[in-house]
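Numbering-wise (the numbering used here), the sequence shown opens with residue 23 and increments by one.
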Amino acid sequence: MTDRTPYLSVLGPDGSDLVKIAGARLIGVQLIDRIDDVSDEAIIRFTNKPPYVATPAENTPFTVLVGWSADKAAKVGQYTFQRVHFSGNPREGETLEWICRAADFSGGTLKDAASQHFDKDTGHKTLADVFRTLFAGQQVMIDPKVAEIPIPNGYKLQWQQSAIDFATDLAHENGLIIKQANGTIVVLQRGSGLSASGKPLTAVNVVKDQAYEYDVELEPRFEYKSASSTWFDTAKGRLEKTDQLTGFQANRSGIDALPHVAAAKDEAERHAAARARDWGNYSGTGMFIVPGDPTAVALAPVRCFGFPPAIDSVNWEAVTVTNDVIPDRGWTTTIETQVSVD
């Protein structure tokens, strides 16, 4: 592998570049992109010694650009300052970190508890209709496939629960993902092949000879799991159970019932399918450290080449992508993966 020098720019609200202003006091930037509803982060690190770096005001915006050259640098994301972290020891010195987040649901009305119901009489026929109401006033991008999913049994109740918590539960129950990227709340269907911007994702290729490090663990026993969910059949006046296999051709299966009774059969089937998908994903995890890759993002399919066949043959999905960028020194991308069963 050839040594290369990365380009990094951290623009403040006035357009000034923090990298140039801080100079040698800036150690580097870590960018964390996650698949789930936990906010993406940018961690800006400084040496903590005189002259000390002043702490910015809460919610100060920063835009981060990274690339292998200035003319090809891409905007990784927009973040707002949330908190400061100090650490250190006598041998390695002291470090100051500005922790910035791409999303902050602590303010506004998204964390306020509320009660409301969703059905056709209130103008809600699909899960997409529910999410649009929950995130009213926010910029929202919803996977078109979500618009095809009807509200189970035509009725859903939010009872003394915040909009973001209710939306997150609803997403998890139906195999969906909610996250915020660059000021937009995104609702995606697992396996949709779309990025947070709504564009098709490009597969990330990991070649063994070009990787710095890897760590993979596979657990075939999960291939024998199946999930079941119980629902109340109003016509028969009794509880019914539906099973959903992971999709693997297993010789035996272990039945694991979900604890909550669903309102209808279609909802029960979605609950079971989402749980089965999770079990299938957990059948293998991998970590690959490669030279800085601007195309690697969470949710992207990952293809491995040159590793043992047991690794190369797996359809991997990136769940967390961490970029560590040190100005004028180096850039590595750590891709944490799980098995994709979609």
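From the three backbone atoms N, C-alpha and C, an ideal C-beta is built for every residue, glycine too.
Computed from a prediction, not measured in an experiment: that's the story for all the values here.
Candidates the options, of which the one nearest residue i by Cα
i, options, result
"residue 329", "231, 92 and 32", "231"
"residue 308", "314, 315, 317 and 332", "332"
"residue 241", "306, 199 and 205", "306"
"residue 81", "105, 37, 150 and 32", "105"
"residue 38", "52, 74, 85 and 58", "85"
"residue 74", "334, 118, 360 and 55", "118"
"residue 62", "361, 349, 320 and 357", "320"
"residue 135", "311, 184 and 151", "184"
"residue 362", "337, 343, 167 and 341", "337"
"residue 90", "154, 56 and 313", "313"
"residue 325", "349, 347, 348 and 224", "224"
"residue 365", "169, 167, 54 and 115", "Since the displayed the chain opens at 23 and closes at 364, residue 365 lies outside it and no answer follows."
"residue 147", "178, 345 and 124", "178"
"residue 95", "103, 32, 334 and 322", "32"
"residue 120", "103, 334, 154 and 211", "103"
"residue 211", "345, 334 and 322", "322"
"residue 132", "114, 154 and 116", "154"
"residue 83", "124, 114, 335 and 345", "124"
Check whether residue i and residue j have beta carbons under 8 Å apart
i, j, result
"residue 77", "residue 234", "no"
"residue 182", "residue 138", "no"
"residue 171", "residue 209", "no"
"residue 65", "residue 226", "no"
"residue 161", "residue 207", "yes"
"residue 216", "residue 189", "no"
"residue 318", "residue 343", "yes"
"residue 57", "residue 341", "yes"
"residue 186", "residue 152", "no"
"residue 88", "residue 28", "yes"
"residue 176", "residue 142", "yes"
"residue 192", "residue 168", "no"
"residue 140", "residue 236", "no"
Check: residue i C-beta below 7 Å from any heavy atom of the ligand SAH
i, result
"residue 27", "No copy of the ligand SAH appears in this structure; indeed no ligand is present at all."
Exposed unless 16 or more other CB atoms sit within 10 angstroms - verdict on residue i
i, result
"residue 327", "exposed"
"residue 93", "exposed"
"residue 110", "exposed"
"residue 107", "exposed"
"residue 40", "buried"
"residue 79", "exposed"
"residue 30", "buried"
"residue 158", "exposed"
"residue 43", "exposed"
"residue 145", "exposed"
"residue 26", "exposed"
"residue 359", "buried"
"residue 197", "buried"
"residue 315", "buried"
"residue 195", "buried"
"residue 112", "exposed"
"residue 166", "exposed"
"residue 339", "buried"
"residue 229", "exposed"
"residue 351", "exposed"
"residue 244", "Confidence in residue 244 is poor, its pLDDT being 46 and thus under 50, which makes the residue's placement unreliable; the coordinate value appears in the next sentence. The residue in question, residue 244, is buried, as its Cβ has 16 or more Cβ neighbours within 10 Å."
(request) Any chance you could list the beta strand (DSSP E) runs of at least 3 consecutive residues sitting entirely within the region 160–222, in chain order? (result) Segments of the beta strand (DSSP E) lying fully in the region 160–222: 162–164, 178–184, 198–203 and 206–211.
(message) Which complete beta strand (DSSP E) runs does the region 318–346 hold, if anything under 3 residues is left out?
(response) 323–327
(message) With three or more beta-carbon pairs closer than 8 Å as the criterion, would you say the region 44–53 touches the region 67–82?
(response) yes
(message) For the region 95–109 against the region 199–214, do three or more pairs of beta-carbon atoms, one drawn from each stretch, fall closer than 8 Å, so that the two count as touching?
(response) yes
(request) Run through the region 88–146 for me and flag every whole alpha helix (DSSP H) of 4 or more residues, listed as ranges in chain order. (result) none
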